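Novice: Below is one structure. I have some questions about it.
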Amino acid sequence: MRFKIILGGLLLWSAATMAQDSVLYIVDSVEATNGLEQLTPDKIALINIVKSPTLQAQYGAKAANGIMYIETKPFARRRYNRLFTSLSPAFEAAIKKYGDDSKFQYILDGTKIDDNSVNMLAALERKNITSLVVVDGDALKKTYDVKDRKVGVIITSK
Numbered sequence: 302m303r304f305k306i307i308l309g310g311l312l313l314w315s316a317a318t319m320a321q322d323s324v325l326y327i328v329d330s331v332e333a334t335n336g337l338e339q340l341t342p343d344k345i346a347l348i349n350i351v352k353s354p355t356l357q358a359q360y361g362a363k364a365a366n367g368i369m370y371i372e373t374k375p376f377a378r379r380r381y382n383r384l385f386t387s388l389s390p391a392f393e394a395a396i397k398k399y400g401d402d403s404k405f406q407y408i409l410d411g412t413k414i415d416d417n418s419v420n421m422l423a424a425l426e427r428k429n430i431t432s433l434v435v436v437d438g439d440a441l442k443k444t445y446d447v448k449d450r451k452v453g454v455i456i457t458s459k
């Protein structure tokens with residue numbers, strides 16, 4: 302019985318602390334006030350937790366305890382496709398030819414990126430990319446033994 306009372310007290314203290322120390326949630330560049338319970342882990346590509354005076358100045362008191370930036374996989378894919386298009390005319394041409402990147406095989410620092418590890422691409426920033434080379438399906442098959450993709454995107458990072 303005593304254990305339940307202590308546990309209940311801890312739970313109440315924890316809930317009060319969480320409410321007091323809540324962060325501002327930004328999902329896909331939009332402030333989120335509700336609906337976070339529908340955001341399942343398999344939909345998330347990237348989470349960044351940031352706290353700075355600059356953000357507090359931008360968002361006001363809502364950001365006093367920090368901001369949690371969340372990017373969903375579709376949003377992250379659009380963002381890194383824009384980044385890669387700006388870095389490589391060949392990537393832009395391949396996107397135009399195929400309509401999207403579903404026929405592409407990304408290779409980051411020698412590692413094949415599959416659908417489950419797309420968050421590695423979401424974490425890339427322009428300043429961390431040393432090179433981005435686009436290769437055709439034949440070169441992709443010969444060098445990386447990838448047979449079911451039309452385009453290879455070879456990315457080297459710092």
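Counted the way my numbering counts, the sequence shown spans residues 302 to 459. Yeah, the Cβ is synthetic: ideal placement off N, Cα and C, and Gly gets one too. Note that the structure is predicted; figures quoted are calculated from it, not measured.
If contacts are defined as beta-carbon pairs under 8 Å, then Ser433 and Val454 qualify, I think. What distance do you get, rounded to the angstrom?
Specialist: Residue 433 sits at position 132 when you count from the first residue of the sequence shown. Residue 454 sits at position 153 when you count from the first residue of the sequence shown. Contrary to the premise, residue 433 reads as Leu rather than Ser in this sequence. Right, the Cβ-Cβ distance comes to about 7 Å (below 8 Å), so this counts as a contact.
Novice: Among Ser403, Glu332, Gln357, whose alpha-carbon lies nearest the alpha-carbon of Pro375?
Specialist: For the purposes of this step, residue 375 is taken as the residue at position 74 of the sequence shown. The shortest Cα separation from Pro375 among Ser403, Glu332, Gln357 belongs to Ser403.
Novice: With distances taken between CB atoms, is the gap from Ala423 to Ala346 smaller than 7 Å?
Specialist: On the sequence shown, residue 423 is found 122 positions in, with the first residue counted as 1. On the sequence shown, residue 346 is found 45 positions in, with the first residue counted as 1. Yes. Within cutoff.
Novice: Given a cut-off of 7 Å, decide if Val435 and Phe392 are closer than it, judged by their beta-carbon atoms.
Specialist: As a working note, residue 392 is residue 91 in the sequence shown. As a working note, residue 435 is residue 134 in the sequence shown. It is a contact, given that the beta carbons lie within the stated cut-off.
Novice: In the DSSP assignment, find the beta strand (DSSP E) that holds Ser418 and state where it starts and stops.
Specialist: On the sequence shown, position 117 is the one that residue 418 refers to. Premise fails: Ser418 is in no beta strand (DSSP E) and is neither H nor E.
Novice: Measuring straight from C-alpha to C-alpha, what distance separates Thr334 and Ser353?
Specialist: By one-based count along the sequence shown, residue 334 stands at place 33. By one-based count along the sequence shown, residue 353 stands at place 52. Straight-line Cα distance between these residues: approximately 21 Å.
Novice: What number of angstroms, rounded off, separates the C-alpha of Ala316 from the C-alpha of Asn382?
Specialist: In the sequence shown, residue 316 corresponds to position 15, counting from 1. In the sequence shown, residue 382 corresponds to position 81, counting from 1. Annotation note: pLDDT 39 at Ala316 (below 50); position unreliable, no value reported.
Novice: Hey, could you find the ends of the beta strand (DSSP E) Gln406 is sitting in?
Specialist: Here residue 406 is taken as the residue at index 105 of the sequence shown, counted from 1. Residues 405-409.
Novice: For the alpha helix (DSSP H) holding Gly438, just list the boundary residues, first then last.
Specialist: If you number the sequence shown from 1, residue 438 lands on position 137. Looking at the DSSP string, the run of the alpha helix (DSSP H) that includes Gly438 is 438-445.
Novice: I'd like to confirm the pairing. Which residues does DSSP put opposite Thr412 in its beta bridges?
Specialist: Numbered from 1 along the sequence shown, position 111 holds the residue referred to as residue 412. DSSP, once it has assigned bridges, lists Leu409 as partnering Thr412.
Novice: Using three-state DSSP, classify Glu338 as helix, strand or coil.
Specialist: Locating residue 338 in the sequence shown gives position 37, where the first residue counts as 1. It is helical.
Novice: Taking 7 Å as the threshold (C-beta atoms), are Ile430 and Met421 in contact?
Specialist: The residue given as residue 421 occupies position 120 in the sequence shown. The residue given as residue 430 occupies position 129 in the sequence shown. No. Outside cutoff.
Novice: Report the three-state DSSP secondary structure of Ala515 (helix, strand or coil).
Specialist: There is no way to answer for residue 515, as the model of the chain reaches only from 302 to 459.
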